[in-house]
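What follows is one structure encoded as C-alpha cells, with my remarks underneath.
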Amino acid sequence: MKNNSRLWRWLAFIFVLSFGALGYLGVQIYLTAPPIPTSVTASNGDVVFTGEQVQRGQQVWLSVGGQQLGSVWGHGGYVAPDWSADWLHREAVALKNRHAEAYRKAPSALSASERGALDATLVDEMRRNTYDSTSGVVTVSVARAQAIRETAAHYDALFGRDSSVATLRDQYAMTVDMLPDRTDRQALTAFFFWTAWAAATDRPGETGLSYTSNWPHEPLVNNTMTSGAAVWTMVSICLLLAAIAAMLWLHGSQKHEAEAQPPKADPLLGAVATPSMKATRKYFFAVIGLMLLQIGMGVITAHYAVEGQSFFGLPLAEVLPYVVSRTVHTQVGIFWIATAWLATGLYIAPLLSGREPKLQKLGVDVLFWALIAIVVGSTLTGWLGTLQHRGVDFSFWIGNQGLEYTSMGRVWQVLLFVGLLFWVFLLGRALWPALVKPSASRGLIAMVFLSATCIGGFYSTSLVWGQHTHYSMIEYWRWWLVHLWVEGFFEVFATAVVALIFTRLGLVRTESANRAIIAETIVFLFGGILGTLHHLYFTGTPTSVIAVGAVFSALEVVPLTLIGLEALQTWRRSQTMPWLAAYKWPVMCFVAVGFWNTIGAGVLGFAINPPASLYYVQGLNMTAAHGHAALFGVYGMLGIGLMLFCLRGLYERNLHADGLLKPAFWSLNIGLAMMVFLSLLPAGIYQAWASVTQGLWFARSAEIVHSRVMEILVWMRVPGDIVFAVGAVLLAVYALRLLRRPVSQSGSQTAPGLAVKVAAAAER
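Residue numbers for the sequence shown, in this note's numbering: 205 to 968.
Here is the structure:
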C-alpha cells in the first residue's frame, strides 16, 4: 500500500506538470499564431482581400465540410487537395509566369542564369514578410496581386457551377455549386490565400522559417524541412530506443510475483444482473447497429475516391455527398466505441459495489435515449445542412462544424457534454460503496472513477472554440479532445476496467493489477499529454512545439512495447481452466488490442510522428493507415471485447452462439490487416514518394490521387472490406441470437441478490 501511495503521488505530479506545460505552450501558440491582416493590399493601393473576408472564409470552408473536404495545414480528408499546399503552388506558378514575361521569351527558352534569377525573385517575393503590425496590412506587388486573383478565380469556379472544372470537381468528390453565394466563394479564397501565405512567409525576425515551419514541402518557394525538424527527429529516435531498453531492463530485473491461480469455477457464473445492468443491453445492440452504419459509410466514402459523385454509376452524391458520408463514417466510429465503453461502466458498477442505487435503471434508460437523440439528431441536421446549403451559422450551431472527429454542431456538443456528466454521476453513485469500503481492488475502482470523471470533464474542451477563433487555436483545442479525451482518458478508463475484469476472473492478482495500472497510467500520461503536440507541428505554432512534441510523442510508444507480451501472457493464463473457455473471445479481443497497439499505434504511429517524417507525409494515406489500425484495432476491438464480456453476464449461457464469434473475430482482424497493408499503407508510401520528390501539392493532386496506381490500390481495399464486413455481420447475428427464448436448465437461475455475494466472495 505504501508503494501504491507513492505511485499515486507521482501520477498527480505528472498530471499537473504535464498539463501545466501543455497550457503554457497553448499560450505561446496564441501569441505567435500567424496574424490575420486587416487587409491584403497591392502596392498600387488596390485591396485584394480584407481581414473580414479571411475570417468569414474560414467559417465558409468549415460550413461546406471543412476537414471532410480536403485539408488545411494537413488536417482533413484525402481525396480533395490540401488547399494550403494547392493554393501555394498555383499562386507560385502564376507569379513565376508573370515574372517570366519580362524576359519576352518562353520559360523553356530561358538560360540557366535567367532561370536562377527568376527562381530567386519568386522566392524573395513569396517569402518576404510584408505584414505591418501597426496597420495590420499585408502589402503585395501588383504582379502578385494579379497572380492571387488568377488563383482565386480557379477556386471560385471550382466551388461554383463552372463546367470548365467539372472533371476536376468530380475527381475531388465535390458536388456542383457547393457555395451558391459568390460572396462566400470570394471569402473562401481569402482564407485559402491566408493559409498559404502563412505557410511560405517568413516569421518576423527569421529567414527561411515560415509560420508553419516551412510546411508544406514546396521547392518553388524554398519550403524545405528545417534543421530543427531533422535534429529533433534524431533526438526522438534515440530517446525512443533508450526508453524501450530501460523499460525492458526494468521489467526483466523486477522480482516477478507468482501468477494468479484462477478459481476452479467461474466466480461470475451465479451473478444475477440488476435492473440497471439489464438496461445496458440496448446500448450494446446500438453499438453493433452504429458499427454496421460506419462500415457502410466507409465503403461509400472509399468508393468516392474512384467515382467522385457516383456509386457504381448511381448518382448517390445527389442525396449522400462525400462530405456527408465521410462525416458520418468518422463521427459514428467515435460514437459506437464510446457507447460500448460507457455501457460497460454502467454494467460493472453495480457488480463491483454489490449495490443497486435507487432509480439507477431509470437513469440508465434516460441516458440511452438521450444519446440516441444526439446521434440521430446531429447526423440528420448535418446531412440536411450540407444538402440545403444552410450557411455558416446553421453549420456551427446545429449542423456540421467541419472538424474531423468532432463535427457535430455546438448545440449537440453541449447536450453530449451534459450527457457525459450524467453518466459520471450514474457511475459514481453506483461505485460509491466500493470506493469508500477498504479493499484490495479499491485502487482499481478509484482509477475507473477518476478516469470517468476526466472523460466527462475534458469533453468541455469541445466547447472552447467559437466561430471566430483563430484556426491555430481551433486545432490546439480540437486535439485536446481527439487525442486527450479519446486516446488518453478513455484509454485509461478502459484499461482499468479490463484490469478489474481480469482480477474478478482470477487471471491477475489484485495487488499486482493495482500497481500495474497506476504505473502504466503514469508512463502513458507522461508521454501522452505533451505528445498531443505532435499533431500541431505545422499548424502555425512556434518551433518549441516541434521539440516538445517530438520528444514526448516518442515516449508514447514506450509502454506499447510490453502490451503485446502482456496480452500473450493473459491469453496463456486463460487456457488454464476449462470454465475460462466461456470468456475466450472477450479475452482474444483484448489480445488483439495488444497486437494492434503495438503495430497500429506503435509501429505505424511512430512511422509518421517524428517531425522529419510528418513533414512529408502529413495529410497522406500514411496517416489513414495508422488511423484505421489504431482506432478500430485498438479502441474498436477493446469496445467489442468489453461488449462481449458484458453480454456474457446479461444473457443465459446457453443462448451464446460462440461458434459465430470465432469467424467474426478473425474476419474483423484479418479484414482490417488486409485493408491497412494491401491498400492504405502502400497508397501512403506511393504518395510520400510524390511528396518528397515534388511537393505535397503533387502528392495530393488529382494526377496522383487518380493515377492508375492509386486507383488500383483503392480497389485493393475491396477484399479486405468484404472480409471485415462479414465479421461485423456475424457479430450482429450473434447478438440477435441472444434474443431467443432461453432454454430452461436446472440450476441455471440463481436467486436475486447473488451479485452482492459474488462480489464479496471475489473480494475475499
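Every residue, glycine too, gets a C-beta built ideally from N, C-alpha and C. Note that the coordinates shown come from a computational prediction; the quantities given were computed from them, not determined experimentally.
May I ask you to list the residues that DSSP assigns as paired with E422?
Along the sequence shown, one-based indexing puts residue 422 at 218. Note: E422 sits in a beta bridge opposite N427.
Excluding the 5 residues preceding and the 5 following R210 in the sequence, name in chain order all residues of the same chain whose CB lies nearer than 6 Å to its CB.
As a working mapping, residue 210 is identified with position 6 in the sequence shown. There are no such residues.
Exposed or buried, what is F836 when buried is set at 16 or more other beta-carbons lying within 10 Å of its beta-carbon?
By 1-based counting over the sequence shown, the position of residue 836 is 632. Classification of F836: buried, given that the 10 Å Cβ count is 16 or more.
Mapping DSSP to helix, strand and coil, what is N604?
The residue given as residue 604 occupies position 400 in the sequence shown. Three-state result, N604: strand.
What span of residues does the beta strand (DSSP E) with S243 cover, start to end?
Reading the sequence shown from its first residue, position 39 is the one you call residue 243. Here the beta strand (DSSP E) through S243 covers S243 to A246.
Let's test the definition: count the other Cβ atoms within 10 Å of the Cβ of L709 and tell me whether it reaches 16, buried, or not, exposed.
The residue given as residue 709 occupies position 505 in the sequence shown. By the 10 Å Cβ count, L709 comes out buried.
For C658, which residues of its own chain have a beta-carbon under 6 Å away from its beta-carbon, when the five flanking residues on both sides are left out?
The sequence position of residue 658 within the sequence shown is 454, counting from 1. Within the same chain, C658 has close Cβ partners F693.
Smallest Cα separation from K381: which of A574, V918 and L591?
Residue 381 sits at position 177 when you count from the first residue of the sequence shown. Residue 381 is actually Asp in this sequence, not Lys. Of A574, V918 and L591, the residue nearest in Cα terms is L591.
Mapping DSSP to helix, strand and coil, what is M920?
As a working mapping, residue 920 is identified with position 716 in the sequence shown. DSSP places M920 in coil when its eight states are reduced to three.
Could you give the distance in angstroms between the alpha-carbon of A656 and the alpha-carbon of F697?
Taking the sequence shown and counting its residues from 1, one reaches residue 656 at position 452. Taking the sequence shown and counting its residues from 1, one reaches residue 697 at position 493. Rounded to the nearest angstrom, the two C-alpha atoms are 6 Å apart.
So Y609 and I538 are supposed to be a Cβ contact under 8 Å. How far apart are they, rounded?
The sequence position of residue 609 within the sequence shown is 405, counting from 1. The sequence position of residue 538 within the sequence shown is 334, counting from 1. Rounded, the Cβ-Cβ distance is 6 Å, consistent with contact.
Determine the DSSP secondary structure at H738, reduced to helix, strand or coil.
For this step, residue 738 is matched to residue 534 along the sequence shown. Reduced to three states, the DSSP call for H738 is helix.
Give a yes or no on whether the C-beta atoms belonging to V752 and L737 are separated by under 9 Å.
Working through the sequence shown from its first residue, we reach residue 752 at position 548. Working through the sequence shown from its first residue, we reach residue 737 at position 533. Yes. Within cutoff.
Between the segment 626 to 637 and the segment 594 to 605, can you find at least three pairs of beta-carbon atoms closer than 8 Å?
No: fewer than three Cβ pairs fall under 8 Å.
Whose C-beta lies closer than 6 Å to the C-beta of L885 among residues of the same chain, with five residues either side of it excluded?
Numbered from its first residue, the sequence shown carries residue 885 at position 681. Result list for L885: A829, in chain order.
Could you tell me the boundaries of the alpha helix (DSSP H) in which F975 lies?
This structure gives no information on residue 975, because the portion of the chain shown stretches from 205 to 968.
For A574, which residues from the same chain have a beta carbon less than 6 Å from its beta carbon, with the 5 sequence-adjacent residues on both sides left out?
As a first step, residue 574 is located in the sequence shown; it is residue number 370 there, counting from the start. If we look at A574 and ignore the five residues flanking it on each side, its Cβ neighbours are G623.
Burial state of H358, where buried means 16 or more other Cβ atoms lie within 10 Å
Within the sequence shown, the letter at position 154 stands for residue 358. Flag for H358 reads buried.
Separation of A723 from H672, as counted between CA atoms:
Residue numbering aside, residue 672 sits at position 468 when the sequence shown is read from its first letter. Residue numbering aside, residue 723 sits at position 519 when the sequence shown is read from its first letter. Looking at the two C-alpha atoms, the distance is approximately 41 Å.
Three-state class that DSSP yields for G280 in the structure shown
Stepping through the sequence shown from its first residue, residue 280 is reached at position 76. Three-state DSSP puts G280 in a strand.
Y335 bridges to which residues according to DSSP?
Locating residue 335 in the sequence shown gives position 131, where the first residue counts as 1. Answer is V342, bridged to Y335.
Using the beta-carbon count (16 or more within 10 Å), is A216 buried or exposed?
Reading the sequence shown from its first residue, position 12 is the one you call residue 216. Exposed, since its Cβ has fewer than 16 Cβ neighbours within 10 Å.
Would you check if there are 3 or more beta carbon pairs closer than 8 Å linking the segment 814 to 828 to the segment 777 to 797?
Taking a contact to require three or more Cβ pairs closer than 8 Å, the segment 814 to 828 and the segment 777 to 797 do not qualify as touching.
Distance between S275 and L314 (C-alpha atoms, nearest Å):
Along the sequence shown, one-based indexing puts residue 314 at 110. Along the sequence shown, one-based indexing puts residue 275 at 71. About 36 Å.
Nearest-angstrom Cα distance between L162 and L654?
In the structure displayed, the chain extends from 205 to 968; residue 162 sits before or after that span and is not available.
Per DSSP, the bridge partner or partners of E610:
Taking the sequence shown and counting its residues from 1, one reaches residue 610 at position 406. Per the sequence presented here, residue 610 reads as Thr, with Glu not at that position. Looking at the DSSP assignment, T610 forms no beta bridge with any residue, so it has no partner.
Nearest-angstrom Cα distance between G931 and G278?
Along the sequence shown, one-based indexing puts residue 931 at 727. Along the sequence shown, one-based indexing puts residue 278 at 74. Going from the Cα of G931 to the Cα of G278 covers about 33 Å.
Leaving out five residues on either side along the sequence, give the residues of the same chain with a beta carbon under 6 Å from the beta carbon of Q257.
For the purposes of this step, residue 257 is taken as residue 53 along the sequence shown, with counting starting at 1. Excluding residues within five positions, the ones whose Cβ falls inside 6 Å are A391 and A394.
Give the single residue among L555, E511 and Q891 whose Cα lies nearest to the Cα of M181.
No answer is possible for residue 181: it lies beyond the span of the chain, which begins at 205 and ends at 968.
Quick one: Cα of R485 to Cα of S905, how far?
Residue 485 sits at position 281 when you count from the first residue of the sequence shown. Residue 905 sits at position 701 when you count from the first residue of the sequence shown. About 47 Å.
Where does V523 sit, in a helix, a strand or coil, going by DSSP?
Taking the sequence shown and counting its residues from 1, the one referred to as residue 523 is at position 319. Note: V523 maps to coil in three-state DSSP.
CB E422 to CB A310, shorter than 9 Å?
For the purposes of this step, residue 422 is taken as the residue at position 218 of the sequence shown. For the purposes of this step, residue 310 is taken as the residue at position 106 of the sequence shown. Result no, Cβ atoms of E422 and A310 do not sit closer than 9 Å.
In whole angstroms, what separates the C-alpha of L266 from that of V755?
To locate residue 266, count along the sequence shown from 1; it is residue 62. To locate residue 755, count along the sequence shown from 1; it is residue 551. So the alpha carbons of these two residues sit roughly 32 Å apart.
Which of helix, strand or coil does DSSP assign to L518?
Working through the sequence shown from its first residue, we reach residue 518 at position 314. It is a strand residue.
Go through its chain and collect everything with a Cβ distance to G957's Cβ below 8 Å, but skip five positions before and after it.
In the sequence shown, counting from the first residue as 1, residue 957 sits at position 753. At G957 the pLDDT is 39, less than 50, meaning the model places this residue with poor confidence; the figure from the coordinates comes in the next sentence. Cβ within range, chain order: V476.
How far does the alpha helix (DSSP H) with V880 in it extend, from its first residue to its last?
Residue 880 sits at position 676 when you count from the first residue of the sequence shown. From DSSP, V880 is part of no alpha helix (DSSP H); its letter is neither H nor E.
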